Amino acid sequence: MLFLTAVTLGLAAASLRSVGAFVAVAFLIPASFAAAAVVTAGNVSFADLGLALLGVNAGAMTAVLAAFAIAAIQQPRPLPR
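Residue numbers (the numbering used here): 2 to 82.
The following block contains the structure:
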């Protein structure tokens, strides 16, 4: 669930095509993890933070690859002879 949420954040940031959106997501994920680590009574898992950061990157890469695929499909190709 954490990975899917992070992928969704990456896709949303990539769809905005704004560097500010990427910076905000890249800042808010560790900030919210740090806030949760301060508030919680037990130990925190840094693997969850890594998983969330990997998910954001996977979502952004998926959006970029989808944009390349759409551009390749829409580009006219010459007919073979």
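Backbone N, C-alpha and C define an ideal beta-carbon position, used for all residues, glycine too.
Since the structure is predicted, the reported quantities are computational estimates derived from the model, not experimental observations.
- Rounded to the nearest angstrom, the Cβ distance from A22 to A53 is 16 Å, too far for a contact under 8 Å.
- Contact check between the segment 53–64 and the segment 9–26: three or more CB pairs, one atom from each, fall below 8 Å, which counts as touching.
- Residue environment for V39: exposed (fewer than 16 other C-beta atoms within 10 angstroms of its C-beta).
- Here A61 has G11, L12, A14, A15, F23 as same chain residues with Cβ atoms under 8 Å from its own Cβ, once five neighbours each way along the sequence are excluded.
- It is roughly 41 Å from the alpha-carbon of P77 to the alpha-carbon of G51.
- An exposed status is given to A73, since fewer than 16 other beta-carbon atoms sit within 10 Å of its beta-carbon.
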